[in-house]
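Working notes, beginning with the structure itself.
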Amino acid sequence: MTEKDITHVSEAQIAVHWQEEDYFYPSMQFIAQANMTDPAIYEKFSLDNFPNCYKAYADLLEWDEYWHTILDTSDAPCWKWFVGGRINASHNCIDRHLAKNRNKTAIHFVPELEEEKVEHITYQELWVRVNEFTALLRDFAGLKAGDRATLHMPMSAELPITMLACARLGVIHSEVFGGFSGRACADRIVDSKSNVLITMDAYYRSGTLLDHKKNADIAVELAAKDGQTVNKVLVWQRYPGKSSTPTPMVKGRDFFINEELKRFYGKRVKPVSMPAEAPLFLMYTSGTTGKPKGCQHSTGGYLAYVTGTSKFVQDIHPEDVYWCMADIGWITGHSYIVYGPLSLCASTVIYEGVPNYPDAGRPWRIAQDLGVNIFHTAPTAIRALRKIGPDEPAKYNYHFKHMTTVGEPIEPEVWKWYYKEVGKGEAIIVDTWWQTETGGFLCSTLPAITPMKPGSAGPSLPGIHPVIYDEDGNELPAGCGRAGNICIRNPWPGGFQTIWGDRNRFVQNYYARYCKDPKSKRWQDWPYLTGDAAVQAKDGYYRILGRIDDVINVSGHRLGTKEIESAALIVPEVAEAAVVPVAHEIKGKEPDLYIALKPGFDASPELEKKISDAVCNEIGKIAKPRRVWIVKDMPKTRSGKIMRRVLAAISNKKDVGDVTTLANPNIVDEIKAMVK
Ligand code: WTA
0 MTEKDITHVS
10 EAQIAVHWQE
20 EDYFYPSMQF
30 IAQANMTDPA
40 IYEKFSLDNF
50 PNCYKAYADL
60 LEWDEYWHTI
70 LDTSDAPCWK
80 WFVGGRINAS
90 HNCIDRHLAK
100 NRNKTAIHFV
110 PELEEEKVEH
120 ITYQELWVRV
130 NEFTALLRDF
140 AGLKAGDRAT
150 LHMPMSAELP
160 ITMLACARLG
170 VIHSEVFGGF
180 SGRACADRIV
190 DSKSNVLITM
200 DAYYRSGTLL
210 DHKKNADIAV
220 ELAAKDGQTV
230 NKVLVWQRYP
240 GKSSTPTPMV
250 KGRDFFINEE
260 LKRFYGKRVK
270 PVSMPAEAPL
280 FLMYTSGTTG
290 KPKGCQHSTG
300 GYLAYVTGTS
310 KFVQDIHPED
320 VYWCMADIGW
330 ITGHSYIVYG
340 PLSLCASTVI
350 YEGVPNYPDA
360 GRPWRIAQDL
370 GVNIFHTAPT
380 AIRALRKIGP
390 DEPAKYNYHF
400 KHMTTVGEPI
410 EPEVWKWYYK
420 EVGKGEAIIV
430 DTWWQTETGG
440 FLCSTLPAIT
450 PMKPGSAGPS
460 LPGIHPVIYD
470 EDGNELPAGC
480 GRAGNICIRN
490 PWPGGFQTIW
500 GDRNRFVQNY
510 YARYCKDPKS
520 KRWQDWPYLT
530 GDAAVQAKDG
540 YYRILGRIDD
550 VINVSGHRLG
560 TKEIESAALI
570 VPEVAEAAVV
580 PVAHEIKGKE
590 PDLYIALKPG
600 FDASPELEKK
610 ISDAVCNEIG
620 KIAKPRRVWI
630 VKDMPKTRSG
640 KIMRRVLAAI
650 SNKKDVGDVT
660 TLANPNIVDE
670 IKAMVK
């Protein structure tokens, strides 16, 4: 064992191992209408037919110029898909639907306040609004293909409008989750070298109108300190024509979009034909080091993959009303609120607020009123709704045919509540396992073909071929039921192209560990490391245990422990910080933060709060530690390494094991007494 194995603790290590459950089967009614019912799909996407099988996904799109090479591996492991092709994502999500579906609702925007009107935007109206805003981005903000624009926008109809306007020009959008701090936004502006920031003045969260404009001021100021000038801040208004923020506009830098937009009414901009491999967007995510990494997604491959998986796994038909309750600020929202559903000409629901505002019946009222028949959310939301309103779904007259769970493992008990109460026993469930990096789903049942098994993501998708390695790089036998590191043997079109501006880190983080030959140009030599531990059961189904690295999945949101630790270290009194994952009933995991102070400082509730606030200010409220434990000393190895494993055992009320070899074994009991 290495020192890291002894000191370190990962989510996968604290995972609970569930019993194998029985299968659940889709209804005949579901199967009769499903997009994909042919079991031969698995064979068609077998490794023998790779990569040509993915032509079927590419053919779901309209190409300006058809591609000539399906997969180019010459720059391994930066794979290029559909080379030679030219395409525009905005055209594929909007323009191509106009002939037949001009008057169909593309977006239902549901404000958090129930007394506010739901906005129904037709494909025609979406086309008009995207065109006008595209003209503004080009002629007023000076953006052109290849430039990056940072978006820091809340859930609103204007967010996909902004994304699709960027895509129309070939501008690479980088949306930062609205709940992230100004500091987090600044880091992403600097890394992507954006000189335009697009934001909104305010939005509702739990019934309060939050001032969001202030984050833009912080972001621009901090980015400037780090050498990146933002010369235009474009501000959408929550209530067009009326300011909802006390934060003043900076003259010459900040502009209200709806005022500037007047000059662009009636303007139309032809979609810019982009090479298939041109980046469509960046999505920053947490990794093993402190700095978030910008996952760079392509235009052609990504759009083909999310369109295909939306069709076959989400079973979206043009007549469906589809609601994914994720935030567009995360990859789930990009792929399965915006690009996938709109590419298939569905009606997609965007809800501004929290699921339990003003009460636990809200999601089911929205579903009932809009006729939602496909629903998509995360275990953390399911657990919360089950806790506060277990009998609410039955009170409303909605009917789902299909439901998704995503983002973290779901407990079989919670799965069954979702199935029985939310789905009313009528809806199939897909448990989709994937990542920011992968663009779209990796493992899930195919809803009309493979039966469901609670607590299990299911088999890999057609065209995805996983392998589980042990620590020494040996392949575990298929279906052996032992835990190991799950990797994907082959590339697929939705996979990210690289880490923005850091190819070396891309190769190191995702491919170095199990690469068979670093000089090889064959994809067979480059298994992709997902960073998750998994077991495969005899039936081929995968169960994901959690991260094997320094990432904690809090309410389905990825946070780097190093990011939280470095935020705590900004507080001058703090000498050392250690974050460990703690199991939590609703959130799945939570970060527990242990702190040792510099000499001369004493613990106090005020100081605990100051440290907790520092984490929220640096990253955002989602990173707020469960508790800040100020300890006299950290448990350490004789070589001075913090024993996070011991701290995690204490936080999770588990046996700490043998601690006699520590440099300071006595501290363990002291910390235990404190945390109890
Ligand atoms: C976890 C979210 C179990 C996993 C789409 C992965 C899951 C990380 C599941 C990626 C699932 C996601 N079952 N675990 N169905 N889906 N995960 O990048 O640990 O925010 O590595 O992408 O979430 O989180 P990310």
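Quick note: the sequence shown uses numbering that gives the first Met the number 0, first residue 0, plus one each step. We put the CB at the ideal spot given by N, CA and C, even for glycine.
>> Let's see if you can read the secondary structure: which residues bound the alpha helix (DSSP H) around Trp66?
In response: From DSSP, Trp66 is part of no alpha helix (DSSP H); its letter is neither H nor E.
> Are there three or more Cβ pairs, one per stretch, closer than 8 Å when the region 102 to 117 is compared with the region 280 to 296?
Replying inline: Not touching, per the Cβ criterion.
>> Is it buried or exposed, Thr149, if we count other Cβ atoms within 10 angstroms and call 16 or more buried?
In response: Result: buried.
> CB-CB under 6 Å to Trp628, same chain, minus the five flanking residues each way: which ones, in chain order?
Replying inline: Hits under 6 Å: Tyr593.
>> In the DSSP output, what is Ile485 paired with across the bridge?
In response: Paired residue(s): Ile467, Asp531.
>> Just to confirm the assignment, what range does the alpha helix (DSSP H) spanning Arg502 have?
In response: Counting along the chain, the alpha helix (DSSP H) containing Arg502 begins and ends at 502 to 509.
> Among the residues of its own chain, which have a CB less than 7 Å from the CB of His67, if the five just before and after it don't count?
Replying inline: So the qualifying residues of the chain are Val82, Gly83.
>> If we require 3 or more residues per run, which beta strand (DSSP E) segments fall completely within the region 406 to 473?
In response: Along the length of the region 406 to 473, whole beta strand (DSSP E) runs at least 3 residues long occupy 427 to 431, 465 to 468, reported in chain order.
> According to DSSP, is Tyr203 helix, strand or coil?
Replying inline: Of the three classes helix, strand and coil, the one that applies to Tyr203 here is strand, per DSSP.
> Considering only C-alpha positions, which residue in the set Asn194, Ser243, Asp253, Leu233 is nearest to Asp225?
Replying inline: Closest option to Asp225, Cα to Cα, is Asn194.
> Any chance the CB of Gln737 is under 8 Å from a heavy atom of the ligand WTA?
Replying inline: Limits of the chain in this structure are 0 at one end and 675 at the other, which puts residue 737 out of reach.
> Of all the beta strand (DSSP E) runs that stay within the bounds of the region 177 to 252, which reach a length of 3 or more residues?
Replying inline: At a cut-off of 3 residues, the continuous stretches assigned as beta strand (DSSP E) that sit fully inside the region 177 to 252 are 195 to 199, 201 to 204, 207 to 210, 231 to 235.
> Can you find a heavy atom of the ligand WTA that lies under 8 Å from the Cβ of Glu562?
Replying inline: No, the Cβ of Glu562 stays beyond 8 Å of every heavy atom of the ligand WTA.
>> Quick check on this structure: which residue in Ala39, Asp314, Leu343 has the alpha carbon closest to the alpha carbon of Ile427?
In response: Closest by alpha carbon: Asp314.
>> Need the endpoints of the alpha helix (DSSP H) that Ser650 sits in, please.
In response: For Ser650, the enclosing alpha helix (DSSP H) has its first and last residue at 643 to 650.
>> In the DSSP assignment, the alpha helix (DSSP H) including Trp628 goes from what residue to what residue?
In response: Careful: Trp628 lies outside any alpha helix (DSSP H), inside the beta strand (DSSP E) at 627 to 630.
> Are the beta-carbon atoms of Ala662 and Val581 separated by less than 9 Å?
Replying inline: Contact: no.
>> Using 8 Å as the cut-off, can you tell me whether the region 531 to 538 makes contact with the region 567 to 578, which would need three or more C-beta pairs spanning the two stretches below that distance?
In response: Too few Cβ pairs lie closer than 8 Å, so no.
> So Ser242 packs on Asp200, CB below 8 Å; how close in whole Å?
Replying inline: For a cut-off of 8 Å, the C-beta gap from Ser242 to Asp200 is around 6 Å, short enough to register as a contact.
> Which value, in whole angstroms, describes the spacing of the CA atoms of Ser455 and Arg137?
Replying inline: Between Ser455 and Arg137, the C-alpha separation is close to 47 Å.
> Considering Gly92, what are the terminal residues of the alpha helix (DSSP H) in which it resides?
Replying inline: It should be noted that the sequence gives Cys, not Gly, for residue 92. Per DSSP, Cys92 belongs to the alpha helix (DSSP H) from 88 to 92.
> Between Gly181 and the rest of its own chain, which residues show a CB-CB distance below 6 Å, the 5 nearest in sequence each way excluded?
Replying inline: Correct list, in chain order: Asn214, Ile217, Ala218.
>> For the ligand WTA, I want to know if Asp549 counts as a neighbour, meaning its beta carbon is within less than 8 Å of at least one of the ligand's heavy atoms.
In response: No, the ligand WTA has no heavy atom inside 8 Å of this Cβ.
> Which residue comes first and which comes last in the beta strand (DSSP E) that contains Ser285?
Replying inline: Counting along the chain, no beta strand (DSSP E) covers Ser285, and no H or E run does either.
> Looking only at DSSP bridge pairs, what is Glu589 linked to?
Replying inline: Val581.
> Ile467 to Pro408, Cα distance in whole Å?
Replying inline: Looking at the backbone, the Cα of Ile467 and that of Pro408 are separated by about 18 Å.
> In angstroms, rounded to a whole number, what distance separates the CA positions of Ala11 and Asn552?
Replying inline: Rounded to whole angstroms, the gap between the alpha carbons of Ala11 and Asn552 is 11 Å.
>> How far does the alpha helix (DSSP H) with Ser565 in it extend, from its first residue to its last?
In response: Per DSSP, the unbroken alpha helix (DSSP H) holding Ser565 starts and ends at 560 to 567.
> Helix, strand or coil: which one does DSSP assign to Trp322?
Replying inline: Strand, per DSSP.
> Skipping 5 residues on each side, what residues in its chain have a beta carbon closer than 8 Å to that of Val117?
Replying inline: Result list for Val117: His107, Phe108, Val109, Pro110, Asp368, Leu369, in chain order.
> Which value, in whole angstroms, describes the spacing of the CA atoms of Ile380 and Val353?
Replying inline: It should be noted that the sequence gives Ala, not Ile, for residue 380. Spanning the two alpha carbons is a distance of roughly 9 Å.
> Is it the case that the CB of Thr404 approaches a heavy atom of the ligand WTA more closely than 8 Å?
Replying inline: With a threshold of 8 Å, the Cβ atom of Thr404 counts as near the ligand WTA, since some heavy atom of the ligand is closer than that.
> Cβ atoms of His401 and Thr331: under 9 Å apart, would you say?
Replying inline: Between Thr331 and His401, the gap from beta carbon to beta carbon reaches 9 Å or more.
> Where does Trp499 fall in DSSP's three states?
Replying inline: Looking at Trp499 - three-state DSSP - the assignment turns out to be coil, as it is neither helix nor strand.
> When we look at the beta-carbon of Lys231 and count the other beta-carbons within 10 Å, is it buried (16 or more) or exposed?
Replying inline: In summary, Lys231 is buried, with 16 or more beta-carbon neighbours lying within 10 Å of its beta-carbon over all protein chains present.
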